[in-house]
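J.:
Number of protein chains: 2
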Amino acid sequence: MPSQDVPQIVIERLPFYLRGLEHMANRGQRVVSSQTLGEWVGVSAAQIRKDLSYFGEFGKQGLGYEVTYLRDQLRLILHADRDWRLILVGAGALGSALVNYLVAGQWQYHIVAVFDSDPAKHGKRMRDLYVQPMSELEGVVEAQDIDLAILAVPADAAQQVADDLVRCGVRGMLNYAPIRLNVPQGVHCAEIDPIARLQGITYFL
Amino acid sequence: MPSQDVPQIVIERLPFYLRGLEHMANRGQRVVSSQTLGEWVGVSAAQIRKDLSYFGEFGKQGLGYEVTYLRDQLRLILHADRDWRLILVGAGALGSALVNYLVAGQWQYHIVAVFDSDPAKHGKRMRDLYVQPMSELEGVVEAQDIDLAILAVPADAAQQVADDLVRCGVRGMLNYAPIRLNVPQGVHCAEIDPIARLQGITYFL
DNA sequence: GCGTGTGAAACAATTCACAGCG
DNA sequence: CGCTGTGAATTGTTTCACACGC
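Here the protein sequences come in this chain order: U and B.
Just so you know, we're using the working numbering here: the first sequence kicks off at 14 and counts up by one.
Just so you know, we're using the working numbering here: the second sequence kicks off at 14 and counts up by one.
What follows is the structure, encoded as structure tokens:
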């Protein structure tokens, strides 16, 4: 499997291809062309073929792609073929929202612990978890061998928390704070900022 | 103001510049160079200058940018200089999460109505709003002159809801359903898919 | 014939580097 | 001198178009 020279943007598109394939597999569709999958996802057929070619040859000429086979291959590539445990830092409105969302949907991502720096929140129940103080972070991450974290803390605390997480060995984070985190090489970080997205829309209105 | 030939990607970066400027303004900083702002946001100095040059000349040579002035200009460009009312479709776990998030943070985006197709949810209270049936959608959008909507419905309902929204005159939507929406020219749609983002991270792990 | 996989071509975005001005 | 604004150069991405195999 390649690892260095696949453009980031290609990797970001794979989950959407996977969604399309899962959708089609659920409907019992056996085979799909790059053309059809592209229409579903909203990208060109050539782009799908080029993107997939970074990882191998998955199609049959004259036929297209076998839906379940390509789906499984993409899951392997994205490491979406297994469950992941993650921790949540920040037990405010957004944090509890995320817990509810992730628990309600039956995803392969499971929140196994929640932390907050505010003592008033410690012990508070969120679904079947209890909010813990930040001092417990290191122990939990190490004991449970956690790779992923969600940050739902205020912007001015986010960098500090990110540093703590990195120090404990977390290698991926989903950051909801409206700030760009500084993380070392080898740690991967994705930002989600709904307000920024809304501003990107209102530009056109 | 330009409107057609500004690359989409430039528009998507502006909100982050705005964040940096708001941060600096709150700290009383008067002036900032593209270099410093770029470090904060995580882009190159040249990129900031080039991006801003699509909209005008905002800096002073030898000095940099006056923080509050550039902030205000960006707010104008993004139409973030006023409040926006929006509606939410989908009152499930994710929907209530979003209501709590948007109400708790004091943003300039205000949810003024919540809709759901499930009769069991009608009348349910979410903060100070009551979930309404989809049949009320058109009336509310027209009466309140709504431009923006958030979609938090299951994937297989999303396209239908999007069509309804477009028909009622909504011109922008933030889509949390894991599906690419088909919308006509002139309607703007941003996708937010946390699971896709997590998959983009686990690729590297 | 149909649809993949892929170099080559076209296009787009980013970075460079410097003129110009405070 | 410092820093912006911007063409030119570079780098990155997407599309084209066709050889190949089912």
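Glycine residues also receive a C-beta, built at the ideal position from the N, C-alpha and C atoms.
1) Taking only beta-carbon positions, decide if residue 160 of chain B is within less than 7 Å of chain U.
2) Once you ignore the five residues that flank residue 44 of chain U on each side, which residues in its own chain have a CB closer than 8 Å to its CB?
3) Over the uninterrupted alpha helix (DSSP H) stretch that includes residue 61 of chain U, give me the two end residues.
4) Just to confirm the assignment, what range does the beta strand (DSSP E) spanning residue 185 of chain U have?
5) When you compare each of B:209, B:139, B:95 to residue 187 of chain U by their alpha carbons, which one comes out closest?
6) Would the stretch 106-123 of chain B and the stretch 96-106 of chain U be scored as touching if the rule is three or more Cβ pairs under 8 Å?
7) Does chain U have any CB closer than 7 Å to the CB of residue 135 of chain B?
8) In terms of residue numbering, what span does the alpha helix (DSSP H) encompassing residue 53 of chain B cover?
9) According to DSSP, is residue 192 of chain U part of a helix, a strand, or is it coil?
10) What does residue 191 of chain B reach in chain U if we use C-beta pairs closer than 7 Å?
11) Once the 5 residues before and after residue 62 of chain B are set aside, which same chain residues still bring their CB inside 8 Å of it?
12) Please report the distance separating the alpha-carbon of residue 140 of chain U from that of residue 111 of chain B.
13) Three-state secondary structure (DSSP) at residue 29 of chain B?
14) Below 8 Å on the Cβ atoms is my guess for residue 174 of chain U versus residue 166 of chain U; work out the distance and round it to an integer in Å.
15) Residue 162 of chain U and residue 99 of chain U look like a contact to me (Cβ under 8 Å); what is the Cβ gap, rounded to whole Å?
16) Using a cut-off of 7 Å between C-beta atoms, extract the partners of residue 126 of chain U located in chain B.
T.: Short version:
1) yes
2) 76, 77, 78, 79, 80
3) 58-66
4) 185-188
5) B:209
6) yes
7) no
8) 47-54
9) coil
10) 32
11) 47, 72
12) 17 Å
13) helix
14) 5 Å
15) 6 Å
16) Simply none; closest approach about 17 Å.
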